[in-house]
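For reference, the structure discussed in these notes is given below.
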Amino acid sequence: MDMYEIRFAVEDLLHAYAHCIDSDTLEEWPSFFTEDCLYKVIPRENTDQGLPIAVMYCDSQGMLKDRVVAHRKANLYAPHFYRHLVSNIRITGQQNGVIAAHSHYVVFRTLADPLQYGTTEVYSTGEYRDKIVVAPGRSKFTEKIVIVDTCRISSLLVTPL
Amino acid sequence: MDMYEIRFAVEDLLHAYAHCIDSDTLEEWPSFFTEDCLYKVIPRENTDQGLPIAVMYCDSQGMLKDRVVAHRKANLYAPHFYRHLVSNIRITGQQNGVIAAHSHYVVFRTLADPLQYGTTEVYSTGEYRDKIVVAPGRSKFTEKIVIVDTCRISSLLVTPL
Amino acid sequence: MDMYEIRFAVEDLLHAYAHCIDSDTLEEWPSFFTEDCLYKVIPRENTDQGLPIAVMYCDSQGMLKDRVVAHRKANLYAPHFYRHLVSNIRITGQQNGVIAAHSHYVVFRTLADPLQYGTTEVYSTGEYRDKIVVAPGRSKFTEKIVIVDTCRISSLLVTPL
Numbered sequence: 001m002d003m004y005e006i007r008f009a010v011e012d013l014l015h016a017y018a019h020c021i022d023s024d025t026l027e028e029w030p031s032f033f034t035e036d037c038l039y040k041v042i043p044r045e046n047t048d049q050g051l052p053i054a055v056m057y058c059d060s061q062g063m064l065k066d067r068v069v070a071h072r073k074a075n076l077y078a079p080h081f082y083r084h085l086v087s088n089i090r091i092t093g094q095q096n097g098v099i100a101a102h103s104h105y106v107v108f109r110t111l112a113d114p115l116q117y118g119t120t121e122v123y124s125t126g127e128y129r130d131k132i133v134v135a136p137g138r139s140k141f142t143e144k145i146v147i148v149d150t151c152r153i154s155s156l157l158v159t160p161l
Numbered sequence: 162m163d164m165y166e167i168r169f170a171v172e173d174l175l176h177a178y179a180h181c182i183d184s185d186t187l188e189e190w191p192s193f194f195t196e197d198c199l200y201k202v203i204p205r206e207n208t209d210q211g212l213p214i215a216v217m218y219c220d221s222q223g224m225l226k227d228r229v230v231a232h233r234k235a236n237l238y239a240p241h242f243y244r245h246l247v248s249n250i251r252i253t254g255q256q257n258g259v260i261a262a263h264s265h266y267v268v269f270r271t272l273a274d275p276l277q278y279g280t281t282e283v284y285s286t287g288e289y290r291d292k293i294v295v296a297p298g299r300s301k302f303t304e305k306i307v308i309v310d311t312c313r314i315s316s317l318l319v320t321p322l
Numbered sequence: 323m324d325m326y327e328i329r330f331a332v333e334d335l336l337h338a339y340a341h342c343i344d345s346d347t348l349e350e351w352p353s354f355f356t357e358d359c360l361y362k363v364i365p366r367e368n369t370d371q372g373l374p375i376a377v378m379y380c381d382s383q384g385m386l387k388d389r390v391v392a393h394r395k396a397n398l399y400a401p402h403f404y405r406h407l408v409s410n411i412r413i414t415g416q417q418n419g420v421i422a423a424h425s426h427y428v429v430f431r432t433l434a435d436p437l438q439y440g441t442t443e444v445y446s447t448g449e450y451r452d453k454i455v456v457a458p459g460r461s462k463f464t465e466k467i468v469i470v471d472t473c474r475i476s477s478l479l480v481t482p483l
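Chains as they are written, first to last, in our numbering: chain A, 1 to 161; chain B, 162 to 322; chain C, 323 to 483.
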């Protein structure tokens, strides 16, 4: 693949990923990752100080599936939906067919409870630091580190970023 | 046109469209659409339930021109301007020379009344579902469906999204 | 360079620029500009009326370096960090190897003082009107005009946009 194809493949994966979450088809969310993978949501203050604690941590596709089951069957939370805007995508490295790509995101949250129905707020901003296997059929994340600026999280983080 | 040219033509149309609204040159806004067209702003809750009611509905370029005349001569509203950020552009289909493209938008509104002058707020987030005739000279929308997350609309929706 | 290479070079410069500010490596910020350059932050109301007064004004790389020194050693301000999203990039002209490019930005500010730690707000939206020397090695801004919608600036503008 040439550099143009790689850029577009990375864009396409990031946008399909965001669409999956924003349209609440979370059952497909684990399939954006390889079997062995790392998905981590970590506050910026921890990253900056080299501290390891993450808000979400999954190191296999199976753990991602567990999260979705918990989301659907166990977790209690106020109804809402997300809107991602992902931009400033930069290819930062390439090694053994794995592309490193960084991007900036903002997630807006629209509340869907009767009282605040249809109100939108800035829910989270931050950076994606991804490692991506760019494959002819469909690209996948081997690693997705979400560095969260907004470490004072409004209510709770239940839907993945 | 190859896939690269189509991607760039879609991006260029979306960005020229946003620039037209944000720079308040609304008189040119109808020219972004074909003569026969559909422009619809519909709350996400209606779309999700298959309900048809839209907040704005225009099914010809003439109706779009009417809206602009109303905007300039009849409507009363607090002075403001918009800033669109459009990203996550995905080509979702292609049939008979018409490209289907989805994207995410956020519109920020800056108030221009004496009291709140220069204050910016998140006004609307949502999705564009567009059908686009990509032509050598200038591409146009045959259909632009704006799915609005923020269905509790702050004050009123007077400037198109 | 063909049109594709120019588009990507412009994108890459804009995103590297935003990354430099957002990761607080401001010492590298002046190197994004040519020696002779113009960096200006101007409220939209002034631009619209043809009024010249700017909030920040630097017309050489040296003045940009001064700003960084002031930022590190003299200025007093509440701790915070930025997150830029830059999108809607349009190439608007090309003359003697200098590319004119306009884009839309939003800067989110996350507060880092003990009381409001980790809270994110919309800090500024607006438009970049850039002139860029696109060079094989590294592209640079000869001119970067930041037209600010949010002219009621929250607290003060100390970190560049």
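The C-beta atom is built at its ideal place from N, Cα and C for all residues, glycine as well.
Check whether residue i and residue j have beta carbons under 9 Å apart
i	j	result
C:Ile411	C:Val468	no
C:Ser446	C:Val470	yes
B:Asp222	B:Phe194	Per the sequence shown, residue 222 of chain B should be read as Gln rather than Asp. Taking 9 Å as the Cβ cut-off, B:Gln222 and B:Phe194 qualify as a contacting pair.
B:Lys305	B:Tyr218	no
C:Gln474	B:Thr303	Looking at the sequence shown, residue 474 of chain C is not Gln but Arg. In this structure, B:Thr303 does not lie closer than 9 Å to C:Arg474 by Cβ.
C:Pro482	C:Ile343	yes
C:Tyr326	A:Tyr4	yes
C:Val444	A:Val69	no
Chain A contact for residue i (CB, 9 Å cutoff)
i	result
B:Leu322	no
C:Leu373	no
C:Phe463	no
C:Leu479	no
B:Ile314	yes
C:Asp381	no
B:Ile250	yes
B:Arg228	no
Beta carbon proximity, residue i to chain B, threshold 9 Å
i	result
A:Tyr77	no
A:Val86	yes
A:Phe81	yes
A:Asp149	no
A:Leu14	yes
A:Asp22	yes
C:Arg366	yes
Other residues of its chain near residue i: CB distance less than 6 Å, five sequence neighbours each side excluded
i	result
B:Ala239	Asp274
C:Ser461	Ala331, Leu335, Ile454
C:His341	none
Contact with chain C by residue i, beta-carbon distance below 9 Å
i	result
B:Tyr165	yes
B:Leu187	no
B:Ala179	yes
B:Phe193	no
A:Arg7	yes
For residue i, three-class secondary structure by DSSP
i	result
B:Gly258	coil
C:Pro352	helix
A:Val10	helix
C:Val391	helix
C:Asp346	coil
C:Asn397	coil
B:Gly287	strand
B:Asp209	helix
C:Tyr427	strand
B:Tyr178	helix
A:Leu64	helix
B:Tyr165	helix
C:Pro482	coil
A:Cys151	coil
B:Pro275	coil
Cβ shell of residue i (< 7 Å), same chain only, five flanking positions each side left out
i	result
A:His102	Arg90, Thr92, Glu127, Tyr128, Arg129
B:Leu225	Trp190, Pro191, Phe194, Tyr200, Cys219
A:Arg7	Ile91
C:His426	Ser409, Asn410, Glu449
A:His84	Ala18, Ile21, Asp22, Tyr105, Val107
C:Tyr439	Leu433
Check: residue i C-beta below 8 Å from any heavy atom of the ligand ZN
i	result
B:Thr320	The ligand ZN is absent from the structure shown, which contains no ligands of any kind.
Contacting residues, own chain, Cβ-Cβ under 8 Å from residue i (five flanking each side not counted)
i	result
C:Val377	Val363, Ile364, Pro365, Val470, Ile475, Leu479
C:Met323	Ala331, Val456
C:His393	Leu348, Val480, Thr481
B:Thr311	Val283, Tyr284, Ser285, Thr286, Gly287
*Along the segment 101-131 of chain A, what residues have a CB closer than 9 Å to any CB found in chain D?*
Chain labels in this structure do not include chain D; the protein chains are A, B and C.
*Do the segment 418-436 of chain C and the segment 367-380 of chain C touch if we need at least three Cβ pairs shorter than 8 Å?*
no
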